[in-house]
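Colleague:
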Amino acid sequence: MASVLKAELWGIRHAFKLCLERGWTNVSVETDSYAVYEFMNDDGDVKNHPEKILIQDCRTMLAKSGATLNHTLREGNKCR
245 MASVLKAELW
255 GIRHAFKLCL
265 ERGWTNVSVE
275 TDSYAVYEFM
285 NDDGDVKNHP
295 EKILIQDCRT
305 MLAKSGATLN
315 HTLREGNKCR
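So that you can map any letter, position 28 of the sequence shown is 272 in our numbering, and since no number is skipped, the others follow by simple counting.
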């Protein structure tokens, strides 16, 4: 079953993967999902979360990539 959280996590994982594969450093990744932001910046246990493997994978890639993850308001996504 797909969820918004799962889609956001896959997007974040892809961004970190690109950073690692291309050797990019000092990259700022933004998300408008506060839940994803909290999962990535909290060392809390997610062993009972249905997306635990994806969350742990994203956390590992975030640490390895040297990128930063920032929260932005959804309104910030608008094209002008």
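The beta-carbon is built from N, C-alpha and C at its ideal position, and this holds for glycine as well. Bear in mind the structure is a predicted one, so any value in this text is a computation, not a measurement.
Taking 8 Å as the threshold (C-beta atoms), are E282 and N314 in contact?
Modeller: no
Colleague: Let me check one thing: in DSSP terms, what residues is V273 bridge-paired to?
Modeller: L313
Colleague: At what residues does the alpha helix (DSSP H) containing H293 begin and finish?
Modeller: That residue, H293, is in no alpha helix (DSSP H); it is neither H nor E in DSSP.
Colleague: Classify I297: buried if its beta carbon has 16 or more other beta carbons within 10 angstroms, exposed otherwise.
Modeller: By the neighbour-count rule (16 or more Cβ atoms within 10 Å), I297 is not buried but exposed.
Colleague: Taking the alpha helix (DSSP H) that W254 falls in, what are its first and last residues?
Modeller: W254 -> alpha helix (DSSP H) spans V248 to R266.
Colleague: Which residue wins for smallest C-alpha separation from L317, given the options S247, S277 and C302?
Modeller: S277
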